[in-house]
Structure formats: structure tokens, C-alpha cells
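This report refers to the structure that appears directly beneath it.
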Amino acid sequence: MLLIVSFVIAALAVIFAIQNGTPATIHFFAWQFVQSQGVILLVGFVAGFLSALLIYMPSHLGRKWQLRRRERQLAELESQLAEEKTKRDFIEREHAAALRIKKSNQGGAGDS
């Protein structure tokens with residue numbers, strides 16, 4: 016879906032550049048050049064987009080890396096939890112068995 020929207024926006028930009036073909040003179044420091052208004056606006060749009068992307072990407076990548084670290088930590092903690100539950104179940108079974116043995120020993124000792 017995003018790819019389709021991107022193509023539509025690109026097509027609209029090309030149509031805009033073609034329909035705005037009036038030449039405009041650009042003065043930038045010592046340089047001076049003439050180009051169509053549409054191309055100038057598209058270049059400005061692309062430059063703005065790339066600038067925004069350069070500003071956005073470091074924070075986006077940082078959050079993405081942090082999310083991956085948190086997911087690994089979560090998986091590790093879930094693994095530890097499962098291990099501890101297994102240990103607890105084993106200890107509870109052993110404790111119950113020890114109580115049964117103690118009870119049967121007390122019951123047998125009381126019969127004598």
C-alpha cells in the first residue's frame with residue numbers, strides 16, 4: 016500500500032514539474048542558474064525530505080535498537096521464569112513426598 020501511495024505522489028510531482036515549466040533564475044552565493052519552477056520546487060522538496068530523514072533516522076534507529084534489546088531481555092526473563100517455575104514444581108513435589116513419608120513414619124510409629 017505504501018509503495019502505491021509513493022508512486023502516486025511521484026507521478027503527481029512529475030506532473031507538477033511538467034506543468035510548471037516557466038524558467039526561474041536562482042541566485043545562491045556566487046552561483047546563478049536558470050531552471051524551471053517545477054524542477055526547483057521538486058529539488059527543494061527532496062532536499063527538505065532528505066534533511067528531515069537525516070534528523071529523524073538517528074532517533075528512530077535508537078528506539079528500534081532499544082526495542083530489540085528489550086525484546087531479548089524479555090525473552091531471557093521469560094526463560095528464567097519458566098526455569099524457576101520448573102524448579103519450584105520439583106521442590107513442591109519433593110516437599111509433598113517428604114511430608115507423606117514423614118506422615119507414614121509417624122503413623123507407623125504410633126501403631127507400635
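If you count the sequence shown from 1, you need to add 15 to reach my numbering. Positions of the beta carbon are idealized from the N, C-alpha and C atoms, including for glycine.
*Near V54, what residues of its chain come up, given a Cβ to Cβ distance below 6 Å and the 5 sequence neighbours on each side ignored?*
Locating residue 54 in the sequence shown gives position 39, where the first residue counts as 1. So the list reads A32, once near-sequence residues are dropped.
*Which residue comes first and which comes last in the alpha helix (DSSP H) that contains A26?*
To locate residue 26, count along the sequence shown from 1; it is residue 11. Where A26 is concerned, the enclosing alpha helix (DSSP H) stretches over 17 to 34.
*asked:* Is it the case that the segment 26 to 40 contacts the segment 54 to 65, given that we only count it when at least three CB pairs across the two stretches are under 8 Å?
replied: yes
*asked:* Assuming A39 is part of the beta strand (DSSP E), what are its boundary residues?
replied: Reading the sequence shown from its first residue, position 24 is the one you call residue 39. Counting along the chain, the beta strand (DSSP E) containing A39 begins and ends at 38 to 43.
*Under three-state DSSP, which class holds S66?*
Residue numbering aside, residue 66 sits at position 51 when the sequence shown is read from its first letter. Correct three-state label for S66: helix.
*DSSP on Q50, reduced to helix/strand/coil?*
Counting from 1 along the sequence shown, the entry for residue 50 is found at position 35. The answer is strand: DSSP assigns Q50 an E or B state.
*What residues in its chain sit with their C-beta under 8 Å from that of A39, if we drop five residues either side in the sequence?*
As a first step, residue 39 must be located in the sequence shown, where it is residue number 24. So the qualifying residues of the chain are V49, Q50, S51, Q52, I55.
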